[in-house]
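Let me begin by presenting the structure, written as structure tokens, before commenting on it.
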Amino acid sequence: MPHRALKDSSFDRLKEDRTITAAEATRNFGRLQEEVAGGPITLTHHGRARMILLSPEQYEALGGEGAAADPPRVDGISFVLDEMEEGFIALDQDDRFAAVNRVAEFYFGRAREDLLGRAWHEALPNVGRSGMVEIIEGVRAQGRPRRLSWDSVIRDGRRLEMNIFPIPNARGWIGVVFTNIGEVEQLSREAAVAQGVIDMLLAALPGAALAVVDTAGLVMDWRGAASDLLGWSPGEIVGQPMERLAPEDGAEQGRLWVHIAEARRKGVAHCTGPRLARDGSVVEVDCTTTWLPEPDVFVCVMRRAQ
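Structure below.
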């Protein structure tokens, strides 16, 4: 089924009080235009009502001037999308830019005034030669939205997630919402590398306790024999500051940060010191910490000191 992105909770709330956040509207633009037929919808941003969406019939019933005008107006929607992180464009039946929001302006490096009314494949010839013409024509011909990932031909190294959909009540019009997912994919790759390193360490050091700490000093992972060593379960310690593992002594907590700083500077650091167990006791622990530049985390291997 099309437009599955709208979560059930958001859809239920929309049915109950006819409100939806601008961010949800951005991600589910096609679905939103179908739902507006059931009555006016209020778009909110940071909890405040920003705009009332009406269908052409509702607008005409209110006596709005030019309500039945052709072509349809989508620039009001782009006003809302100017507040969003995603880019948005609308193309008319002749493939001319009909709406361009601020994010799209920045991405294209062109003012919307230079784009509106121009054929998109002429204004952006690199995109036109990349196969996007056939994709947009396919959406227009089938009348069904399409989601895809796309390597940018405008900005090298960027990867976009795109939602291309026919605009209801506007024959031949196409909407495109896009966002840069290259950084998200890069972080996912780095996390996978880090996970591989962790798995290797655990395999090479049976019985070792392992903790992963980020640059803010928050515990991100708690693996191996860590729970046996100090008593803390992953649910109790993950997301907590690493100082929770040190006795309530400013000096000892400070030594944790000195240890982390040394690991960043040298790549690996060793220390022995007291760590606070869940039952309140103090356990003397040998700790070897390795810095992984990508994704910029510290992997701490701990054992009870001999």
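Be aware that the sequence shown starts at 1, since it is given in UniProt numbering, and climbs by one per residue.
Each residue gets a CB set at the ideal place from its N, CA and C atoms; glycine is no exception.
Note that the structure is a prediction, hence the values are computed from the model and not measured.
Under the three-state reduction of DSSP output, S233 falls in the coil class, being neither helix nor strand.
For W257, there is no enclosing beta strand (DSSP E); the residue is part of the alpha helix (DSSP H) that begins and ends at 250-266. For N126, the closest C-alpha among the options V258, F108, L210 is that of F108. Collapsing the DSSP output to three states places D221 in a strand.
Its Cα nearest to that of E284, the residue R304 stands out among V103, A269, V297, R304. Taken atom to atom, the span from the alpha-carbon of V258 to that of F298 is near 13 Å.
In this structure R96 is not in contact with A111, their Cβ atoms being roughly 16 Å apart against a cut-off of 8 Å. For L115, the three-state secondary structure derived from DSSP is helix. Rounded to the nearest whole angstrom, the C-alpha separation of W232 and A277 is 7 Å. Setting aside the 5 residues that flank it on each side, A209 is surrounded in the same chain by G224, A225, A226, L229, M302, each with a C-beta closer than 6 Å to its C-beta; the list follows chain order. Apart from the 5 residues on each side of it in sequence, A104 sits with its Cβ closer than 7 Å to the Cβ of G87, F88, I89 in its chain, given in chain order. When beta bridges are read from the DSSP output, W291 appears opposite F298. Its chain contains P166, G172, I174 as the residues whose beta carbon lies nearer than 7 Å to that of R140, once the 5 sequence neighbours on both sides are disregarded; these appear in chain order. The continuous beta strand (DSSP E) containing V212 extends over residues 209-214. Less than 9 Å divides the Cβ of M242 from the Cβ of V219. For M132, the uninterrupted alpha helix (DSSP H) segment begins and ends at 132-142.
DSSP lists M162 as the beta-bridge partner residues of L148. When the five nearest sequence neighbours on each side are left out, the beta carbons in the same chain lying within less than 6 Å of the beta carbon of V212 are those of M220, D221, V297, V299, in order along the chain.
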